[in-house]
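**Student:** The structure is given below, and queries will be raised subsequently.
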Amino acid sequence: MKQKLLVVAAFDSQLKVASCIAREFAAQGWEFDVRVPQRHRNQVNERQVSEFSNFSSLSSCVNSPAGILEGCMGYSAILLMIDGMKIQEVCHAFYSSLADSGASRRPVLITGFVGVGLFDTYIGYQRRLLSDVLFLNARKDLEDCEAVCRTIGVEHGGLVVSGLPFLGALARPTSLPSAVDCVLFAGQPDVPERVIERLYVLEHMIDYARRFPDRRVLFKPRHKPGEKTLHKTQYHYETLRESFLKGVELPANFEFVYGPIKQYLECSQLFITVSSTAAIEALQFDCHVALVSDLGITEKLGNNYFMDSGMLADFADMYNDEYPELNWDWVEHHMETSGNGAQMVFEQTVAALASQGGRMSVPYNLSKLQHQSVNRIEIEERNAAVIRNPANMLAFFIRRSLKEKRIL
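The structure is reproduced here in structure tokens:
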């Protein structure tokens, strides 16, 4: 009987990572099914599925632990490529249901994250540590995750530094080519977030195209207007152009483009972004990478991750074709460059299945961690209930105000 993998992914970026891992499992003789927890209508459309994954069919499920885990004991492993809070809820429900399952073995749980890093490092890792296998991008992530483990007093035997599974092997790139024919800018749904910042970026890329009329300048937003992604887009670049720059004539060499980023990276020599995992992907195609530093270097923008990388530059530098040199030591510390990420995840999963020996318990010494996660879920559920109910919210603020005035 063939081993089976259950893939759970909710948005395009999650499908992109999940499809690379599922493809490796299929190459090793496994079968797999894909479930998309429904959070919104038209959550992923056909274009996004074809662009970000190789999945031929997807099935929807209720966006709840019960919906995600329905029939899960029939699988050998479950890949949870969903947000951290939902991972925590699903893992808690999974372990709580084991006693009543009547099964002699349980699936191995696999988690990771889809970008170059986690915004909330401590809680992000803590939520994912409830899985048997946690794949990480680089040595830096391993160091951070092990620090979290030491802090909460757990030992996790399933950490694997795989790199982003969709990346191939990286070779030390060359310097900026003498002839740049094509420049690609990749936008993110909510980075930067404010209208004024997004307009600043758009206007400067248009100005860049005017300054270099012999270069093709491709401006690629993360998705088309109206499409859903994990991170909500409030101000789409094309909408901003229509609203604020309607009378501005675009240079003939400037173009909005959509579709798989790979096809544009293959023909580009220079890659520009504010902060995007695609910056790492661009290195694979021997593109010189410039991350816009004009808006500052902050956790909110996510470009603080790239400090000391040699990839940060401002538009004044770009207008003069002046760029810092890529720090390859930074690359090797912040990325796994072998290109065998999906294979590493598969091998760690097989090892977890072999070491499980039919145990139905929580993996490693994670009982304490599971208890902490239950408390966290209860707190966040109560907080969500307050926010959903205006009457509760009003009562909360009235009580807080009275307490501050020492009436209560």
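To convert, note that position 254 of the sequence shown is 254 in this note's numbering; the numbers rise steadily by one, no gaps.
Yeah, the Cβ is synthetic: ideal placement off N, Cα and C, and Gly gets one too.
Once you ignore the five residues that flank R172 on each side, which residues in its own chain have a CB closer than 7 Å to its CB?
**Tutor:** To locate residue 172, count along the sequence shown from 1; it is residue 172. W328.
**Student:** Identify every run of the beta strand (DSSP E) within the segment 228-290, keeping only runs that are complete inside it and at least 3 residues long; order them along the chain.
**Tutor:** List check, beta strand (DSSP E) in window: 254-256, 270-273.
**Student:** Per DSSP, which residues does S111 bridge with? Please list them.
**Tutor:** What you label residue 111 is simply residue 111 of the sequence shown in a count that begins at 1. Residue identity differs from the one stated: residue 111 is Thr in this sequence, not Ser. DSSP output for T111 lists L80, L134 as bridge partner(s).
**Student:** What are the start and end residues of the alpha helix (DSSP H) that includes S355?
**Tutor:** For the purposes of this step, residue 355 is identified with residue 355 of the sequence shown, where counting begins at 1. It spans 341-356 - the alpha helix (DSSP H) in which S355 sits, taken as one unbroken run.
**Student:** Measuring alpha carbon to alpha carbon, tell me which residue in S276, H288, L167, A22 is nearest L326.
**Tutor:** Within the sequence shown, numbered from 1, the residue matching residue 326 stands at position 326. Among S276, H288, L167, A22, the Cα nearest to that of L326 is on H288.
**Student:** Looking only at its own chain, which residues have a Cβ that is under 6 Å from the Cβ of V7, when we skip the five neighbours before and after it?
**Tutor:** For the purposes of this step, residue 7 is taken as the residue at position 7 of the sequence shown. Here the set comprises A18, A22, F32, V34, L79.
**Student:** Excluding five sequence neighbours on each side, which residues of the same chain lie with their C-beta closer than 6 Å to the C-beta of K2?
**Tutor:** What you label residue 2 is simply residue 2 of the sequence shown in a count that begins at 1. Cβ neighbours of K2 beyond the five flanking positions: E31.
**Student:** May I ask you to report which of helix, strand or coil DSSP gives E299?
**Tutor:** Numbered from its first residue, the sequence shown carries residue 299 at position 299. It is coil, neither helix nor strand.
**Student:** Which residue comes first and which comes last in the alpha helix (DSSP H) that contains C149?
**Tutor:** For this step, residue 149 is matched to residue 149 along the sequence shown. Element bounds for C149: 139-152.
**Student:** Of the choices P107, L118, V108, R106, whose alpha-carbon is the least far from that of M85?
**Tutor:** To locate residue 85, count along the sequence shown from 1; it is residue 85. When each option's Cα is compared against that of M85, the closest is L118.
**Student:** Assign V62 to one of two classes, buried (16 or more other C-beta atoms within 10 Å of its C-beta) or exposed (fewer than that).
**Tutor:** As a position in the sequence shown, residue 62 is number 62, starting the count at 1. The residue in question, V62, is exposed, as its Cβ has fewer than 16 Cβ neighbours within 10 Å.
**Student:** Does F32 come out as helix, strand or coil in the three-state DSSP assignment?
**Tutor:** The residue labelled residue 32 in the question sits at position 32 within the sequence shown. Correct three-state label for F32: strand.
**Student:** At which residues does the alpha helix (DSSP H) containing K220 begin and terminate?
**Tutor:** Position 220 of the sequence shown, counted from the start, is the residue given in the question as residue 220. Careful: K220 lies outside any alpha helix (DSSP H), inside the beta strand (DSSP E) at 216-220.
**Student:** For H204 and F315, which I take to be in contact (beta-carbon distance under 8 Å), what is that distance rounded to the nearest angstrom?
**Tutor:** Taking the sequence shown and counting its residues from 1, one reaches residue 204 at position 204. Taking the sequence shown and counting its residues from 1, one reaches residue 315 at position 315. About 5 Å separates the two Cβ atoms, so the contact holds.
**Student:** So what's L408 in DSSP terms, helix, strand or just coil?
**Tutor:** On the sequence shown, residue 408 is found 408 positions in, with the first residue counted as 1. For L408, the pLDDT reaches just 45, beneath the cut-off of 50, and the residue's location in the model is therefore unreliable, although a value from the coordinates is still provided. In the structure shown, L408 sits in coil (DSSP, three-state: anything other than H, G, I, E or B).
**Student:** For F185, which of helix, strand or coil comes out of DSSP?
**Tutor:** Position 185 of the sequence shown, counted from the start, is the residue given in the question as residue 185. F185 falls in the strand class under three-state DSSP.
**Student:** Using three-state DSSP, classify V8 as helix, strand or coil.
**Tutor:** Here residue 8 refers to the residue found at position 8 when the sequence shown is read from its first residue. Note: V8 maps to strand in three-state DSSP.
**Student:** Taking its Cβ as the centre, do 16 or more other Cβ atoms sit within 10 Å of T151, making it buried, or is it exposed?
**Tutor:** Translated into the one-based positions of the sequence shown, residue 151 becomes position 151. Exposed, because fewer than 16 other Cβ atoms sit within 10 Å of the Cβ of T151.
**Student:** Between the segment 302-319 and the segment 97-105, do at least 3 Cβ pairs fall closer than 8 Å?
**Tutor:** Output reads no: the segment 97-105 does not touch the segment 302-319.
**Student:** Among the residues of its own chain, which have a CB less than 6 Å from the CB of C20, if the five just before and after it don't count?
**Tutor:** By one-based count along the sequence shown, residue 20 stands at place 20. These residues qualify, in order along the chain: P165, F166, A342.
**Student:** Name the DSSP bridge partner or partners of Q38?
**Tutor:** Within the sequence shown, residue 38 is the residue found at index 38, counting from 1. Note: Q38 sits in a beta bridge opposite V62.
**Student:** Excluding the 5 residues preceding and the 5 following V148 in the sequence, name in chain order all residues of the same chain whose CB lies nearer than 8 Å to its CB.
**Tutor:** Sequence index remark: in the sequence shown, residue 148 carries index 148 (1-based). Result list for V148: T121, Y122, Y125, Q126, L129, in chain order.
**Student:** Pick from E146, D214, P189, V195: whose alpha carbon is nearest that of A179?
**Tutor:** The sequence position of residue 179 within the sequence shown is 179, counting from 1. Closest by alpha carbon: D214.
**Student:** Which two residues bound the contiguous alpha helix (DSSP H) that contains V160?
**Tutor:** Sequence index remark: in the sequence shown, residue 160 carries index 160 (1-based). V160 -> not in any alpha helix (DSSP H); beta strand (DSSP E) instead, spanning 159-161.
**Student:** Below 8 Å on the Cβ atoms is my contact criterion, and I expect L291 with L312 to pass it. Report the Cβ-Cβ distance as a whole number of Å.
**Tutor:** Looking up residue 291 in the sequence shown gives position 291. Looking up residue 312 in the sequence shown gives position 312. With 8 Å as the limit, L291 and L312 qualify as a contact, their Cβ atoms being about 5 Å apart.
**Student:** Roughly how far, in whole angstroms, is the beta-carbon of A77 from the beta-carbon of V108, given that I think they are within contact range, below 8 Å?
**Tutor:** Mapped onto the sequence shown, residue 77 falls at position 77. Mapped onto the sequence shown, residue 108 falls at position 108. Their Cβ separation, rounded to whole angstroms, is 4 Å, which keeps A77 and V108 in contact under 8 Å.
**Student:** Name the DSSP beta bridge partners of V292, please?
**Tutor:** On the sequence shown, residue 292 is found 292 positions in, with the first residue counted as 1. Answer is A313, bridged to V292.
**Student:** Taking the straight line between their C-alpha atoms, what separation do you get for V154 and E299?
**Tutor:** Stepping through the sequence shown from its first residue, residue 154 is reached at position 154. Stepping through the sequence shown from its first residue, residue 299 is reached at position 299. The alpha-carbon atoms of V154 and E299 are separated by roughly 28 Å.
**Student:** Do you know how far the Cα of L58 is from the Cα of S50?
**Tutor:** The residue given as residue 50 occupies position 50 in the sequence shown. The residue given as residue 58 occupies position 58 in the sequence shown. Spanning the two alpha carbons is a distance of roughly 12 Å.
**Student:** I think V431 touches L270, with their Cβ atoms under 8 Å apart; what is that distance to the nearest whole Å?
**Tutor:** This structure cannot settle anything about residue 431, because the visible part of the chain is limited to 1 through 408.
**Student:** Between H334 and G102, what straight-line distance do the alpha-carbon atoms span, to the nearest angstrom?
**Tutor:** Counting from one through the sequence shown, the residue named residue 334 turns up at place 334. Counting from one through the sequence shown, the residue named residue 102 turns up at place 102. Cα to Cα, H334 sits roughly 43 Å from G102.
**Student:** Considering Cα atoms alone, identify which of V133, T233, K4, G310 is closest to A27.
**Tutor:** In the sequence shown, counting from the first residue as 1, residue 27 sits at position 27. Comparing Cα positions, the closest option is K4.
**Student:** Among the residues of its own chain, which have a CB less than 7 Å from the CB of M307, if the five just before and after it don't count?
**Tutor:** Walking along the sequence shown from the start, residue 307 turns up at place 307. Correct list, in chain order: I297.
**Student:** Between C267, Y208, P225, which has its C-alpha nearest L252's C-alpha?
**Tutor:** Along the sequence shown, one-based indexing puts residue 252 at 252. Leu is not the amino acid found at residue 252; the sequence shown has Ala there. Cα-wise, what sits closest to A252 is Y208.
**Student:** Specify the secondary structure class of N45 as computed by DSSP and reduced to three states.
**Tutor:** One-based indexing of the sequence shown puts residue 45 at position 45. In the structure shown, N45 sits in coil (DSSP, three-state: anything other than H, G, I, E or B).
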